[in-house]
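Counting from 13, one number per residue, gives the positions in the sequence shown under my numbering. Cβ coordinates follow ideal geometry from the N, Cα and C atoms, glycine included. All of these numbers come straight from a predicted model, not from anything done at the bench. In what follows, a structure is listed as structure tokens, so that the remarks can point back to it.
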Amino acid sequence: MAGYVLVPLCTNCVLCWTRPTFAKRRTMKIGASTIPHRQSPLTRELLKVYVDAGIESLELCDYHPNLDFDDAGFCGLVADWLRELGLHLNSIHIHLRHRDPACDLASLESAQHQRAINAHLTAVDFAAELGGCILVTHDIVIPEPGEPESVSRRAAFVEGIRAVGAHAEAGGVRLALENLGSGYTREPERLVSLLSEIDMSNVGAVIDTGHRHLSGDPGAALRKVGEYLMTLHLHDNHGGKDEHLLCGRGAIDWVDVMQALRDVGYDGVFMYEISRPEDLPALVENAQWIQGG
13 MAGYVLVPLC TNCVLCWTRP TFAKRRTMKI GASTIPHRQS PLTRELLKVY
63 VDAGIESLEL CDYHPNLDFD DAGFCGLVAD WLRELGLHLN SIHIHLRHRD
113 PACDLASLES AQHQRAINAH LTAVDFAAEL GGCILVTHDI VIPEPGEPES
163 VSRRAAFVEG IRAVGAHAEA GGVRLALENL GSGYTREPER LVSLLSEIDM
213 SNVGAVIDTG HRHLSGDPGA ALRKVGEYLM TLHLHDNHGG KDEHLLCGRG
263 AIDWVDVMQA LRDVGYDGVF MYEISRPEDL PALVENAQWI QGG
């Protein structure tokens, strides 16, 4: 069963798959990132699209053009919308280097390093005002082991994350470091080593299944991070590029992914990070299929 790969029976129907047999188990809360609508303003109407699709929990993507971590008024609006719509906020995916390429927690230049810490603190405060959630980041600019400045930049990153994590803890905010398909964080062992050195209860990992499939086995990565696992980015690909497909449309072994989640005792949100808005209505049935519901 561990080698079973879930394959669509046709390319046009997102709900037509071979279905493995599972024992009946409690299903996880179904979540989705707003990244399919990243070019649209974040509005109540947009969030209603997710509610109408049956999504229970949300990850806000900070690419939305009107999402400003410095805007307290906008933060209040988002809080109102989430409450009115009954949406649980699981996480905010921050891309601070996209907003400011100089935002680098691994910087060896003291002023730049502090500027990066301050930018992260602003995002933490935004999340705290929304009631506390997980801040997800893959802005981890550490060179490969053996490359120049790898050790020193890694130490600077650990110092920076500790500073952010200490501030976050008071606001009920957690930090999750994400693996990428290439670079330093492509290997889950490196994430575990980082987290072990950071050694803070509110700093953990998010495993992105698609990213890991570009360089290794998603199920093995989940088992490797184990107790550090805070949340997920679930999507599929064929192993060659980061396609962000609906689960089952690529080549990831979803039976093993689910078994890995059981093995590590994961009880968080079943969080999707797909790219196509038109796939949102299929997420609930897709999640039930993967979870054996």
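Quick check: the Cα distance between GLU290 and GLY66, rounded to an integer number of angstroms? 14 Å
Have a look at the DSSP bridge pairing and note the partners of SER103. GLU71 and ILE146
Where DSSP assigns a beta bridge to TYR284, which residues make up the other side? ALA44 and LEU246
In this structure, how does DSSP classify GLU181 when only helix, strand and coil are distinguished? helix
Relative to the alpha-carbon of GLY184, which residue among ASP137, TRP266, ASP112 and ALA44 has its alpha-carbon at the smallest distance? ASP137
If you follow the beta strand (DSSP E) that ASP275 is in, where does it begin and where does it stop? Careful: ASP275 lies outside any beta strand (DSSP E), inside the alpha helix (DSSP H) at 266-275.
Same chain, Cβ closer than 7 Å to LYS307, neighbours up to 5 away in sequence not counted: Any property of residue 307 remains undetermined from this structure, which presents the chain solely from 13 to 305.
Hey, out of GLY238, GLY85 and ALA263, whose CA is closest to GLY222's CA? That would be ALA263, whose Cα lies nearest to the Cα of GLY222.
When you compare only the Cα positions, how much space is there between ALA139 and GLU285? 19 Å
State the Cα-Cα distance for the pair TYR75 and GLU141, rounded to the nearest angstrom. 19 Å
In this structure, does DSSP put LYS36 in helix, strand or coil? Residue placement at LYS36 cannot be trusted, given a pLDDT of 43 that sits under 50; what the coordinates show is reported in the next sentence. Here LYS36 sits in coil by DSSP.
Leaving aside the five residues before and after TRP266 along the sequence, list all residues of the same chain whose C-beta is less than 7 Å from its C-beta, in chain order. LEU18, CYS259, GLY260 and ILE302
Span of the beta strand (DSSP E), counted from its first residue to its last, around GLU190: 186-190
If I follow the unbroken alpha helix (DSSP H) through ASP254, where does it start and stop? Looking at the DSSP string, ASP254 is not in any alpha helix (DSSP H), and its letter there is neither H nor E.
Measure how close the beta-carbons of LEU120 and SER164 come, nearest whole angstrom, since I'm counting them as under 8 Å. The Cβ separation is near 6 Å, so the contact holds.
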